[in-house]
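S.K.:
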Ligand code: MSP
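In this note's numbering, the protein residues as written are 335 to 903.
#1: Residue range of the alpha helix (DSSP H) that residue 306 falls in?
#2: So, helix, strand or coil for residue 738, using DSSP?
#3: On a CA-only basis, which of 435, 815, 464 and 804 is nearest residue 778? Give me that one, please.
#4: In terms of residue numbering, what span does the alpha helix (DSSP H) encompassing residue 594 cover?
#5: Given the structure, does residue 392 come close to the ligand MSP, in the sense that its CB is under 7 Å from one of the ligand's heavy atoms?
#6: If you drop the 5 nearest sequence neighbours on each side, which residues of the same chain put their C-beta closer than 7 Å to that of residue 775?
#7: Find the nearest neighbour of residue 452 within the set 466, 430, 467 and 566, judged by alpha-carbon distance.
#8: In terms of DSSP beta bridges, what is residue 611 paired with?
#9: Taking the alpha-carbon positions, what's the residue 794 to residue 780 distance?
#10: Would you mind working out which of 765, 557, 456 and 465 sits nearest residue 394, comparing C-alpha positions?
#11: Ignoring anything shorter than 4 residues, give me the alpha helix (DSSP H) runs that lie fully in the region 527-603, in order along the chain.
#12: Going by other Cβ atoms of all chains shown within 10 Å of its Cβ, with 16 needed for buried, is residue 733 buried or exposed?
#13: Name the one or two DSSP bridge partners that residue 522 has.
#14: Is the CB-CB distance between residue 410 and residue 790 below 8 Å?
#15: Do the CB positions of residue 637 and residue 855 come within less than 8 Å of each other?
#16: With hydrogens ignored, establish whether the beta-carbon of residue 713 is closer than 7 Å to any heavy atom of the ligand FAD.
#17: Spatial neighbours of residue 501 within its chain, please: C-beta separation below 8 Å, excluding the five flanking residues on both sides.
#18: Residue 732 CB to nearest chain C CB: under 8 Å?
#19: Is residue 563 a contact residue of the ligand MSP, with contact defined as CB to any heavy atom under 7 Å?
#20: Can you tell me which of 596, 617, 601 and 600 puts its alpha carbon nearest to the alpha carbon of residue 610?
#21: Would you report the Cα separation of residue 589 and residue 578, rounded to the nearest angstrom?
#22: Can you have a look at residue 767 and say buried or exposed, based on whether 16 or more other CB atoms are within 10 angstroms of its CB?
#23: Do three or more CB pairs link the region 667-679 to the region 562-579 at distances below 8 Å?
#24: Give the C-beta separation of residue 786 and residue 723 to the nearest angstrom, bearing in mind that I take them to be a contact with Cβ-Cβ under 8 Å.
#25: Going residue by residue through the region 672-749, where are the continuous beta strand (DSSP E) segments of at least 3 residues, counting only ones entirely within it?
#26: On a CA-only basis, which of 760, 664 and 491 is nearest residue 325? Give me that one, please.
#27: Please determine if the region 640-660 and the region 382-393 are in contact, where contact requires at least 3 C-beta pairs separated by less than 8 Å.
#28: Classify residue 358 as buried or exposed, calling it buried when 16 or more other Cβ atoms lie within 10 Å of its own Cβ.
#29: Would DSSP call residue 880 helix, strand or coil?
#30: Going by beta-carbon coordinates alone, are residue 555 and residue 587 separated by less than 8 Å?
#31: Does DSSP put residue 444 in a helix, a strand or coil?
#32: Check whether the Cβ of residue 805 lies closer than 7 Å to any heavy atom of the ligand MSP, and answer yes or no.
#33: According to DSSP, is residue 761 part of a helix, a strand, or is it coil?
#34: Pick out whichever of 498, 535 and 522 has its Cα sitting closest to the Cα of residue 514.
#35: Quickly, what does DSSP pair residue 473 with across the bridge? List them, please.
#36: Just confirm the distance between the C-beta atoms of residue 747 and residue 862, as a whole number of angstroms; I'd bet it's less than 8 Å.
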């Protein structure tokens with residue numbers, strides 16, 4: 335039970351923690367190999383890097399392909415910024431507190447800390463294996479995070495946004511959230527015939543809970559939130575989910591229970607100055623985004639760690655927490671909310687959401703081992719759903735690999751490096767304007783530049799799957815063009831110039847596609863650009879247009895690569 339005297343005392347206390355002096359990279363024991371392999375742009379003093387985050391993953395279950403998707407999307411978007419020369423920072427990590435983890439550790443007969451270490455290592459391994467170039471891997475059991483959460487709590491308390499009261503409702507451990515009577519349905523368990531109560535939103539079991547705990551005045555934030563949404567109409571992407579969020583807030587908000595009695599939940603951050611209560615796991619978890627940017631900030635250092643985040647990438651099941659609760663907490667403290675939240679749909683298996691509890695998950699470690707990192711990144715980014723769910727299929731992975739990568743991009747790269755073609759000479763000729771271009775040639779000449787413009791717009795709109803398809807469409811077009819123009823048959827001396835033209839117009843498409851594919855498939859795109867002998871300093875987005883590179887293609891004659899080897903059966 336709550337001790338009211340403590341509550342009153344708490345209202346008077348000063349925050350116990352003082353602002354920290356450091357900001358980025360405090361959690362990384364080592365940066366990932368992907369990050370180390372490149373030389374990403376560094377942040378000039380006093381400037382804010384582009385700051386992007388994944389959700390932090392619950393450690394109660396092993397990573398699955400759905401988690402890999404969130405990581406890949408985030409990493410692709412981060413690398414896309416770097417391709418434009420912008421310093422960028424990515425945070426990922428693990429969510430380790432709460433009833434769900436406490437119960438899972440007990441079920442595994444392990445102490446929670448050891449249990450969490452295993453889970454955190456597993457998610458970190460996946461992030462590294464999938465070439466996610468994280469800068470911070472945060473764990474909610476980190477000391478800095480513990481202090482940041484308690485500081486954040488005290489700030490809310492000081493501003494009178496937190497009060498103690500009785501709370502009754504339906505609690506779902508699986509969702510770590512309370513539901514009202516309207517949010518649940520009473521039904522019978524098909525397996526046992528026993529009466530059960532389920533969340534209407536997630537279908538997870540709930541239990542009636544009555545306890546005294548602390549509340550956050552969420553109801554008081556309604557107008558501020560609506561004002562914020564109005565001023566930021568692209569806060570939640572896609573637009574349909576933004577509309578849902580606004581409608582939910584317009585319908586009215588109840589105050590939010592933000593602690594649990596410690597005798598029920600021991601595995602979590604204690605409420606400062608009240609050891610009978612544990613801070614609600616979602617409040618704890620959301621604060622990770624600012625902990626990783628150096629919160630509590632030293633005055634004047636607020637932006638150097640990246641805050642406000644440019645983008646939180648989250649699944650559609652956790653929109654409410656990121657688009658309502660999180661900005662409400664922040665606005666209560668006059669801290670700017672994140673600029674945008676990209677909400678994506680789910681991976682399904684046979685049209686059913688992939689989830690541990692349903693036992694239909696795909697192990698991402700095996701998938702990467704089987705198909706390769708870049709092919710999986712390509713498949714995730716290309717076929718993953720933003721609006722609608724994507725159904726996972728091994729046949730599709732193989733199909734995309736063979737058709738678009740092996741026979742598409744790989745084949746085309748080899749074609750422009752044919753033994754009878756002199757790309758170096760062709761490029762030199764291109765700058766002398768000696769060719770007579772047919773309408774089709776002119777279209778090909780325009781293609782790299784217009785495609786890059788389209789892709790840039792799609793990426794700015796966070797439409798990653800469409801952007802991948804647009805990049806690949808240029809490969810498809812070029813393969814058709816080269817097939818139709820048959821440069822290998824232009825053997826006579828007087829046809830040499832025409833042959834050069836076809837080769838150069840094709841090579842330009844491969845070069846520009848290769849540049850734009852770097853965020854999606856770092857190693858394979860590098861192999862393509864290496865084969866064309868594109869200089870490392872000419873691989874940024876500035877060079878993704880026709881005629882922007884006047885030095886590549888030297889020594890590519892007959893330079894065959896096996897960038898996409900046949901998949902073993
Ligand atoms: N711990 C919370 C997030 C706290 S963020 C402050 C959580 N963790 S989770 O491990 O359950 O989910 C992490 C992310 O994986 C979420 O964005 C979730 O939507 C995503 N996915 C989980 N299953 C998924 C699929 N089947 N498909 C795609 N993404 C999925 O929620």
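Backbone N, C-alpha and C define an ideal beta-carbon position, used for all residues, glycine too.
M.R.: So, to answer that:
#1: As displayed, the chain neither begins before 335 nor continues past 903, which places residue 306 out of reach and without an answer.
#2: Residue 738: helix per DSSP, three-state reduction.
#3: Closest option to residue 778, Cα to Cα, is 815.
#4: Here residue 594 belongs to no alpha helix (DSSP H); instead the beta strand (DSSP E) covers 593-595.
#5: Taking 7 Å as the cut-off, the C-beta of residue 392 counts as close to a heavy atom of the ligand MSP.
#6: Within the same chain, 835 and 839 come within 7 Å of residue 775 by CB-CB distance, once the 5 residues on both sides are set aside.
#7: It is 430 whose Cα lies nearest to the Cα of residue 452.
#8: Its beta-bridge partners are 595.
#9: Rounded to the nearest angstrom, the two C-alpha atoms are 22 Å apart.
#10: The shortest C-alpha separation from residue 394 is found at 456.
#11: Correct list: 556-565 and 573-584.
#12: The residue in question, residue 733, is exposed, as its Cβ has fewer than 16 Cβ neighbours within 10 Å.
#13: In DSSP, residue 522 forms a bridge with 529.
#14: Result no, Cβ atoms of residue 410 and residue 790 do not sit closer than 8 Å.
#15: For residue 637 and residue 855, no; Cβs fall outside 8 Å.
#16: With respect to small molecules bound, the structure shown includes the ligand MSP and not the ligand FAD.
#17: Within the same chain, residue 501 has close Cβ partners 512, 543, 544, 545, 546, 547, 549 and 591.
#18: The structure shown contains no chain C; it holds only a single protein chain.
#19: Not one heavy atom of the ligand MSP sits closer than 7 Å to the Cβ of residue 563.
#20: Closest by alpha carbon: 596.
#21: Approximately 19 Å, taken between the alpha carbons.
#22: By the 16-neighbour rule on beta-carbons within 10 angstroms, residue 767 is exposed.
#23: Taking a cut-off of 8 Å on C-beta distances, the region 667-679 touches the region 562-579, as three or more cross pairs fall below it.
#24: Incorrect: roughly 30 Å between the Cβ atoms, too far for contact.
#25: If we require 3 residues or more, the beta strand (DSSP E) runs fully inside the region 672-749 come out as 675-678 and 681-683.
#26: Past the boundaries of the shown model lies residue 325; the chain is included only from 335 to 903, so the question cannot be answered.
#27: Yes, they touch.
#28: Residue confidence for residue 358 is low, a pLDDT of 32 falling below 50, so the modelled location carries little weight and cannot support an answer.
#29: In the displayed model, residue 880 falls within coil according to three-state DSSP, outside both helix and strand.
#30: Their beta carbons are under 8 Å apart, which means residue 555 touches residue 587 by this criterion.
#31: Annotated three-state conformation of residue 444 is coil, per DSSP.
#32: Look at residue 805: its beta carbon is at least 7 Å from all of the heavy atoms in the ligand MSP.
#33: In the structure shown, residue 761 sits in a helix (DSSP, three-state: H, G or I).
#34: Out of 498, 535 and 522, 535 has the C-alpha closest to the C-alpha of residue 514.
#35: For residue 473, the pairing in a beta bridge is given by DSSP as 428.
#36: Indeed they touch by this definition, with Cβ atoms about 5 Å apart.
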